[in-house]
Amino acid sequence: MTTRILVAELKQETATFNPALTYYSDFRIYRDADLIAAYQGTKTELAGAFDVFAAAGDIEVVPTIAADAVSGGPIATADHDRLLSEIEAAAKDCLPVDAAYLCLHGAMAGEAEGDTEGRLLTNIREILGDIPIVASLDLHCILTERMINAADILVPYHTYPHTDHYETGQRAARNLLRLLDGTAKPTVARVELPMLVRGDELLTATGRFGEAIRMCQAVEASETGLAAGVIIGNAFTDVPALQSNVLITTNDDPDSAQREAERIARFMWHNRERFQAQLTPLDAAIQQASETDGLVVFSDAADATASGAAGDSNAILKGLLDAGFAKQTLIPIVDAPVVAAAFDAGVSAEITVPLGGTRDFTRFEPVTVTVRVRSLHDGQFIYENGTTGNGGRTAVITTGSISLLVTERPVYVVGRRVFQAFGLEPQDFDLVVVKSPNGFRTWYESIASLIVPVDVPGSTSANLKSLPFKNCVRPIFPLDENVPSPF
Ligand SMILES: [Zn+2]
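Numbering (the working numbering), first residue to last: 139 to 625.
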């Protein structure tokens, strides 16, 4: 008999320090057959799972809803609840099913819900009953007891920057198949770590975090390994469960799950001082950019739309204008009123506008600039992973040697396509600002002479002590002194 596997996706990484709420209309939503068509052949978790299911034979993928939004502020309550209830209703509509794969981020939060994925998984478990349920997660997930209890197996990413979306979907799907054929009996161990981590040592290819991940991969590859990961939380999702965790799932082997989880957790805790960001003050960064030949990339992690910030920071722009920086520079910014003014004025027109601070207005004050409108666009493009991006109406404007990509809505400014789609080739510039703490390295390391993580204000600053934490686990490293060892 054909095995029916329900598939759903819900993803948004919430930065609770970003005051600009996220709405239902910000989500890219695919339903039913469109869901499969949209993801098949992409480099996503869903595509990885589809391919494993197809290879296994006699499996019917039962699509429900895939909804994801660019990282951002908390989801407005009514919109948040509508998303969950639509997915739950779609799940009810396709009963009976034999198993379910949920593709989640894990660090989503509503205005009034700090554990979106825990709630969704619990409700889905209630609807589907006692059948195998596996979820894949970003390693920046906020891991909660509800999530662990509701799912049979949780499968987190193993790379940062994240390049294993597809493989994570495959790992999740293979676990689901083992639950279906009865060869997997999950035994789970979790070790909680009161620490928040940032910085270069998190890069899994080169940093200490990579060593911890390789320990997890060895556990997965071992005889009783099913899934293993270090889930470090998203430091900007200030909810009660925010901290780091090691999560190990073995096959009917609780002792090794516990032993390995503790071993990897001790490694993370022992190295905690290393997991801090080294940031360069803006004036020093500008000086370095002036003196460097070839492409310089400024990482504006503090206003990283990839981390959930508003994307409307003009801090680096102001610094460059004040310094009289004359090299060719490319800066992205979210500013709907400036886009509207550019569309009103038309291509080639010169306009004087207040720029920046339209969304995170408590942190950024508009700066008045006179700009020339270079080109106007509908804002649709394709990211490197094959999925669609939508910046809303989009304008390219210039002031002096500075070109600005101005979008109505936040987009990921991690790769190069977001610029190339609008006629801007990063390699043509001396300085490019990206809104990403580390993910951009995948696309820029090979073309950059110098990468500078700049210390500027923002709701996703790697300078964690600059942020107004109120809800996360306390005491926690590095916010508090002398945090007791969890061992
Ligand atoms: Zn992530």
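Where is the CB? At the ideal position from N, CA and C, for every residue including glycine. On a predicted model such as this, the values are computed, not experimentally measured, just so you know.
Are there any heavy atoms of ligand 1 lying less than 7 Å away from the beta-carbon of residue i, as far as the coordinates show?
i: HIS300; result: yes
i: LEU277; result: yes
Label residue i either buried or exposed according to how many other C-beta atoms from any shown protein chain fall within 10 Å of its C-beta, with 16 as the threshold for buried.
i: LEU385; result: buried
i: ASP300; result: For clarity, residue 300 is His in the given sequence; the question names Asp instead. With 16 or more other Cβ atoms within 10 Å, it is buried.
i: HIS408; result: exposed
i: ARG612; result: exposed
i: ARG618; result: For clarity, residue 618 is Asp in the given sequence; the question names Arg instead. Exposed: under 16 other Cβ atoms inside 10 Å.
i: ARG312; result: buried
i: PRO622; result: exposed
i: ASP319; result: exposed
i: SER163; result: exposed
i: MET285; result: buried
i: SER599; result: buried
i: ASN620; result: exposed
i: SER486; result: exposed
i: THR526; result: exposed
i: ALA192; result: exposed
i: SER604; result: exposed
i: GLY248; result: buried
i: MET139; result: exposed
i: LYS608; result: exposed
i: ILE280; result: buried
i: THR500; result: exposed
i: THR537; result: buried
i: GLY195; result: exposed
Among the residues of its own chain, which have a CB less than 6 Å from the CB of residue i, if the five just before and after it don't count?
i: ALA403; result: VAL329, LEU331 and VAL384
i: PRO294; result: LEU275, LEU277, GLY367 and ILE369
i: ARG142; result: GLU198, VAL200, VAL235 and ASP236
i: SER541; result: LEU468
i: ILE351; result: HIS296 and THR342
i: ALA273; result: LEU240, LEU242, ALA289 and LEU292
i: MET353; result: ILE402
i: PRO492; result: PRO504 and THR506
i: GLN308; result: GLY186 and VAL190
i: ALA483; result: ILE489 and VAL511
i: ARG497; result: ALA158, ALA448 and ASP450
i: LEU638; result: Because the chain in this structure spans residues 139 to 625, residue 638 falls outside the shown range and cannot be described.
Tell me which same chain residues have a C-beta within less than 7 Å of the C-beta of residue i, skipping the five on either side of it?
i: ARG555; result: PHE519, ILE520, TYR521 and GLU522
i: ARG263; result: ILE271 and ALA288
i: ARG346; result: GLU339, ASN409 and ARG412
i: VAL335; result: ILE370, SER382 and PHE413
i: GLU400; result: VAL329
i: ILE614; result: PRO332, MET333, LEU334, GLN381 and VAL621
i: GLU224; result: ILE203
i: GLU251; result: HIS218 and ARG257
i: GLU255; result: LEU242, GLY244, MET246 and MET285
Under the assumption that residue i contacts residue j (Cβ atoms under 8 Å), give the Cβ distance between them as a whole number of angstroms.
i: GLN79; j: HIS243; result: The requested residue 79 does not occur in the structure, where the chain is confined to residues 139 to 625.
i: ARG510; j: ILE469; result: Not confirmed; about 15 Å, so no contact.
i: LEU562; j: LEU543; result: 6 Å
i: THR115; j: ILE213; result: There is no way to answer for residue 115, as the model of the chain reaches only from 139 to 625.
i: ASP302; j: THR282; result: 23 Å between Cβ atoms; not a contact.
i: GLY348; j: THR152; result: Actually they do not touch by this definition, with Cβ atoms about 26 Å apart.
i: ASP390; j: LYS323; result: 4 Å
i: THR532; j: PHE560; result: 6 Å
i: ASP473; j: GLY457; result: Wrong, their Cβ atoms sit about 18 Å apart, outside the cutoff.
i: VAL571; j: THR418; result: The Cβ separation is near 13 Å, so there is no contact.
i: GLY596; j: SER451; result: 6 Å
i: GLY337; j: GLN416; result: 6 Å
Leaving out five residues on either side along the sequence, give the residues of the same chain with a beta carbon under 8 Å from the beta carbon of residue i.
i: PHE165; result: GLN150, ALA205, ASP206, ALA207 and LEU221
i: GLY524; result: GLY179, THR180, LYS181 and THR182
i: ILE265; result: GLU226, ALA229, LYS230 and LEU233
i: SER513; result: VAL485, ALA533, VAL534, PHE560 and GLY561
i: PHE481; result: LEU514, ARG531 and ALA533
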